[in-house]
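Here's the structure, in structure tokens; my notes come after.
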Amino acid sequence: MTAPLEPPPAFGHQLRQYFGFESNYVNLNHGSYGSVPIPVSAASQATFTFMEKNIDRFIRLHLPEYLRPARHRMAEFVGAGPDEIVFVPNASHGTNTVLRNLVWNKGDIIVTATTTFLSLERTAQYISDSPPHPSVSVFQVNFPTTRASVLQNFRVHVDTLSSKVQAKQREIGDGTKLKIVAVIDSIVSNPGVHLPWKEMVAICRERGILTVVDAAHSVGQEPNINLKEADPDFWISNCHKWLYAKRACAILYVPKRNQHLIRSTFPTPYNYISPNESPETHGESHFAEMFGWTGTTDFTHYLSIQPALHFREWLGGEQKINDYCHSLALSGGKLLSKLLGTPLLDPTGEFTLNMVNVGLPLAPSIPDNGNTLGFLLHNLIECWHVSAAVFQHNGRWWVRASAQVWNEISDFDYLSRALKDSCEKLELRYRRNGSAKL
1 MTAPLEPPPA
11 FGHQLRQYFG
21 FESNYVNLNH
31 GSYGSVPIPV
41 SAASQATFTF
51 MEKNIDRFIR
61 LHLPEYLRPA
71 RHRMAEFVGA
81 GPDEIVFVPN
91 ASHGTNTVLR
101 NLVWNKGDII
111 VTATTTFLSL
121 ERTAQYISDS
131 PPHPSVSVFQ
141 VNFPTTRASV
151 LQNFRVHVDT
161 LSSKVQAKQR
171 EIGDGTKLKI
181 VAVIDSIVSN
191 PGVHLPWKEM
201 VAICRERGIL
211 TVVDAAHSVG
221 QEPNINLKEA
231 DPDFWISNCH
241 KWLYAKRACA
251 ILYVPKRNQH
261 LIRSTFPTPY
271 NYISPNESPE
281 THGESHFAEM
291 FGWTGTTDFT
301 HYLSIQPALH
311 FREWLGGEQK
321 INDYCHSLAL
331 SGGKLLSKLL
341 GTPLLDPTGE
351 FTLNMVNVGL
361 PLAPSIPDNG
371 NTLGFLLHNL
381 IECWHVSAAV
391 FQHNGRWWVR
401 ASAQVWNEIS
411 DFDYLSRALK
421 DSCEKLELRY
431 RRNGSAKL
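Sequential numbering of the sequence shown, starting at 1, is according to UniProt numbering.
Below, the structure is given as structure tokens:
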């Protein structure tokens, strides 16, 4: 059984019974790690038990036929071809797979942004630090802003880089084809904002720039993804964050035109084909087959996709889920802003899906370090039994709250009290000794 037999209750606290939360835990941080519904956990445990009855039979004889329907279901979900979607453990793994497969030249440019997820920004820097040393160019984007401003500034940024690359190619003069690879967020982690990534992809396509879309937060939160229409060069999204799949599970989209660029999985699989070898004819694309086995892992994560989708259908489907979460994020953000006496990061709502960002009543001079963040999170989680993401952006402190089907507006009220208490205690510690050590 992958979904309850009874009709679902109204969205809000009545749905908490279908998740494994502590009774006093107020979860407004779904965006970080996701939360697995109890029926999905039960289905995954049943799959695990079935596997263990004869693990050799399951893996050696039948694993592809179990993975293929889940993979094809996700391809349909995001509007991709069935052999253009493969499973990877998480978005960081998927973006690393792409960036480490590309063949770099000196003079190539990797475009990141001030909002790029830190591990991905560090990956770009690592590649730049390694021969042949492509450079990193950082696109500045700070909030509050407007979608029109983001697009205009991005267009200017990549046009400048395109001119630079063209001049470099003329200088080299040996026919070397230099490239620009733009790493684009669909939904930024911190702050939790929905960027006009489809338009940014189109800008890059017009200029011959490859796009790697970090869509870690998209599946299950962003409606109408339609990758065939958006047409990025690479696109990666977690399924354990907003889709309710078992942690950790993600999908990597590579359209057929670019699959030759992904020469190996990460780590390299047993069925890697060297350019010096002739590939055999396979029943499915070799690209998809490579990702079907990259070493022993817990395949129940990937096989939780279908139970997660069944659970979402039981709730009423994608539009009902996201309409509720979006509306709650907007109303919850306004309430938090009013109770804290601080601004909304996105007052017009044009960047807001199911995560909302509100200023914290903290002095900007308080440093963004492990002590500060550790103190705030400890007080929120251990003392108040509530969780939300806290971060610094554009010279001030913010909180990111994720709205989910089990939340109600009262959760945002409770979060405001927890944040006021935590911020007051933190500022008192800094006034006393200049430190927030626990």
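We put the beta carbon where it would ideally sit given N, CA and C, even for glycine.
Exposed or buried, what is residue i when buried is set at 16 or more other beta-carbons lying within 10 Å of its beta-carbon?
i           : result
residue 7   : exposed
residue 431 : exposed
residue 393 : buried
residue 428 : exposed
residue 61  : exposed
residue 95  : buried
residue 19  : buried
residue 122 : exposed
residue 154 : buried
residue 234 : buried
residue 156 : exposed
residue 17  : exposed
residue 30  : buried
residue 217 : buried
residue 221 : buried
From the options, pick the residue whose C-alpha is nearest to that of residue i; which is it?
i           : options               : result
residue 142 : 340, 207, 191 and 76  : 191
residue 177 : 54, 227, 104 and 312  : 104
residue 15  : 312, 96, 420 and 158  : 312
residue 111 : 136, 376, 224 and 84  : 136
residue 413 : 93, 423, 375 and 337  : 337
residue 227 : 363, 209 and 256      : 256
residue 300 : 37, 45 and 22         : 45
residue 345 : 305, 391, 379 and 374 : 391
residue 291 : 272, 194, 32 and 217  : 272
residue 128 : 358, 102, 320 and 318 : 102
residue 376 : 400, 422, 334 and 397 : 422
residue 187 : 225, 9 and 163        : 225
residue 113 : 200, 31 and 9         : 200
residue 396 : 384, 416, 115 and 365 : 365
residue 323 : 352, 80 and 363       : 352
residue 98  : 38, 268, 308 and 302  : 268
residue 130 : 149, 57 and 106       : 106
residue 76  : 343, 262, 306 and 91  : 306
residue 443 : 415, 399, 401 and 358 : This structure does not reach residue 443, given that the chain is present from 1 up to 438, and the question cannot be answered.
Please report the residue range of the alpha helix (DSSP H) in which residue i lies.
i           : result
residue 90  : Note, residue 90: premise wrong, no alpha helix (DSSP H); not H, not E.
residue 393 : Taken as a continuous stretch (DSSP letters only), residue 393 belongs to no alpha helix (DSSP H), being part of the beta strand (DSSP E) at 389 to 393.
residue 397 : Where residue 397 is concerned, there is no enclosing alpha helix (DSSP H), although the beta strand (DSSP E) it sits in stretches over 396 to 402.
residue 433 : 409 to 433
residue 117 : Counting along the chain, residue 117 falls outside any alpha helix (DSSP H), and DSSP gives it neither H nor E.
residue 252 : Per DSSP, residue 252 belongs to no alpha helix (DSSP H); it is in the beta strand (DSSP E), 250 to 253.
residue 78  : 63 to 78
residue 230 : 227 to 230
residue 203 : 197 to 206
Span of the beta strand (DSSP E) holding residue i?
i           : result
residue 319 : Element bounds for residue 319: not the beta strand (DSSP E) but the alpha helix (DSSP H), 318 to 340.
residue 165 : It is not in any beta strand (DSSP E) - residue 165 instead sits in the alpha helix (DSSP H) that spans 147 to 172.
residue 211 : 210 to 214
residue 112 : 109 to 113
residue 349 : First-last for residue 349: undefined, no H or E at that position.
residue 305 : Unbroken run through residue 305 is the alpha helix (DSSP H), 305 to 315; no beta strand (DSSP E).
residue 384 : Premise fails: residue 384 is in no beta strand (DSSP E) and is neither H nor E.
residue 235 : 234 to 238
residue 363 : Where residue 363 is concerned, there is no enclosing beta strand (DSSP E), given that its DSSP letter is neither H nor E.
residue 182 : 180 to 185
*Count the CB pairs spanning the region 170 to 189 and the region 283 to 292 that are closer than 8 angstroms, and state whether there are at least three.*
In this structure the region 170 to 189 does not touch the region 283 to 292; the number of beta carbon pairs closer than 8 angstroms is below three.
*In the region 9 to 52, which residue ranges form an unbroken alpha helix (DSSP H) of at least 4 residues, counting only runs that do not cross its ends?*
Listed in chain order, they are 30 to 33.
*Are the region 70 to 88 and the region 193 to 207 in contact at 8 angstroms, needing three or more beta carbon pairs?*
These segments do not touch.
*Cβ pair count under 8 angstroms reaching 3, the region 80 to 96 against the region 239 to 256*: The region 80 to 96, when compared against the region 239 to 256, does touch it at the 8 angstroms Cβ threshold.
_With three or more beta-carbon pairs closer than 8 angstroms as the criterion, would you say the region 370 to 386 touches the region 160 to 169?_
The region 160 to 169 and the region 370 to 386 do not touch, with fewer than three beta-carbon pairs separated by less than 8 angstroms.
*asked:* Check whether the region 236 to 255 and the region 25 to 43 touch, using three or more Cβ-Cβ pairs below 8 angstroms as the test.
replied: The region 236 to 255 vs the region 25 to 43: in contact.
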